[in-house]
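Numbering (this note's numbering), first residue to last: 104 to 432.
Quick notes on the structure that follows.
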Ligand code: SF4
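Written as structure tokens, this is what we have:
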């Protein structure tokens, strides 16, 4: 496949589809799911998708800007969104132990989450057993950001976990991702969070632009291994997707192919087979299941259930080959 040129910021912006009509007083929603705890148990966790200002970075694969504002996050709006989602969650009858506050940007960037809101946000988290927020590793590695992390953690009753996007260590993918981060910055961020005993969750992208299709699984496995060596508690493997304009153009031109179901399955099996300890938690992201290609009507449900089970049980689960699309006898 032809070597890709990383897009300029202007090119990325010019190819974007229109942003959604986002309201600073309205979160995008929430989901409830179970996650492996790492000790054989599973945890009920909610993810709140909060609406705030757009991330300062422009990663070439990212489509999260769709859910953001063009202006700084107004003071107090995230707290009010969390309160509203708490009410929705209570009405649904779901009870959760962990809460992920995902704002489609960086929790510890003051443009995205006003510093003066830390106290009221922390107060809304008191009843949880763990709070997870996302932050870019290059920010996390900076002294100013570490001060904000310390300040927020001091206000929190439950422990804090920080999720960071590593995405891939494939040099070709790194070259075109526009991640604004060298691996050294990611390593520093992990070191600093480990010094603070803050659990680290790492996002790994399966088959990003730049990675060869026949090497996609291998690079995702190596990226997880790298993250685990740096002290990550868990790696979430996310199939690369279109939707931000630039990735869609690459797909139309045949210069990037989204990963399929078989690649996702084989990657999780391989990560389980190669990790050094069962404390190293790996899951595949099934949030965007419907857009993942592969399988057929006869097997997709079984394959979803098998991956969901592997996520929760943290072990390989074999499934029967599909008699329709996998040539099972
Ligand atoms: S740092 Fe995260 S939110 Fe920001 S552009 Fe990159 S992937 Fe998107």
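Where a beta carbon is used, it is the ideal one built from N, C-alpha and C, also for glycine.
- For residue 109, same chain residues with a beta-carbon under 7 Å away, outside a window of 5 residues either side, are 163, 278, 279 and 281 in chain order.
- The criterion of a C-beta distance shorter than 7 Å is satisfied by residue 385 and residue 327.
- In this structure, the C-beta of residue 160 approaches ligand 1 to less than 6 Å from one of its heavy atoms.
- For residue 263, the closest alpha carbon among the candidates 207, 233 and 135 is that of 233.
- Distances from the alpha-carbon of residue 252 to those of 229, 287, 276 and 297 put 297 closest.
- In the structure shown, the three-state DSSP call for residue 136 is strand.
- Closest option to residue 239, judged by alpha-carbon separation, among 247, 221 and 268: 268.
- The three-state secondary structure of residue 257, taken from DSSP, is helix.
- When DSSP states are grouped into helix, strand and coil, residue 203 belongs to the strand group.
- In this structure, ligand 1 has a non-hydrogen atom nearer than 6 Å to the beta-carbon of residue 268.
- Between the alpha carbons of residue 260 and residue 245 lies a distance of about 24 Å.
- The beta strand (DSSP E) runs lying completely inside the stretch 214-292 and spanning 3 residues or more are 233-237 and 263-270, given in chain order.
- Counting C-beta atoms within 10 angstroms of its own C-beta, residue 319 has 16 or more neighbours from the protein chains shown and is therefore classed as buried.
- Put simply, of 266, 135 and 315 the residue whose alpha carbon is nearest the alpha carbon of residue 273 is 315.
- For residue 317, the closest of 359, 169, 406 and 350 by C-alpha to C-alpha distance is 359.
- The C-beta distance from residue 118 to residue 348 rounds to 3 Å, short enough to meet the 8 Å contact threshold.
- Comparing C-alpha distances from residue 170 to each of 378, 121 and 309 shows the shortest one belongs to 121.
- Pairing residue 152 with residue 205 gives a Cβ-Cβ distance under 7 Å.
- Excluding five sequence positions before and after residue 254, the CB atoms of its chain that fall closer than 7 Å to its own CB belong to 221, given in chain order.
- In the structure shown, residue 327 falls within a helical segment according to DSSP collapsed to helix, strand and coil.
- For residue 341 against residue 375, the beta-carbon gap comes to about 17 Å, at or over 8 Å, which does not count as contact.
- For the 7 Å CB-CB criterion, residue 322 and residue 271 form a contact.
- Per DSSP, the unbroken beta strand (DSSP E) holding residue 306 starts and ends at 303-309.
- The C-alpha of residue 411 is placed about 11 Å away from the C-alpha of residue 139.
- Nearest to residue 399 by C-alpha distance, out of 228, 199 and 363, is 363.
- Going by C-alpha positions, residue 247 is about 9 Å away from residue 211.
- Under DSSP, the beta-bridge partners assigned to residue 339 are 306 and 386.
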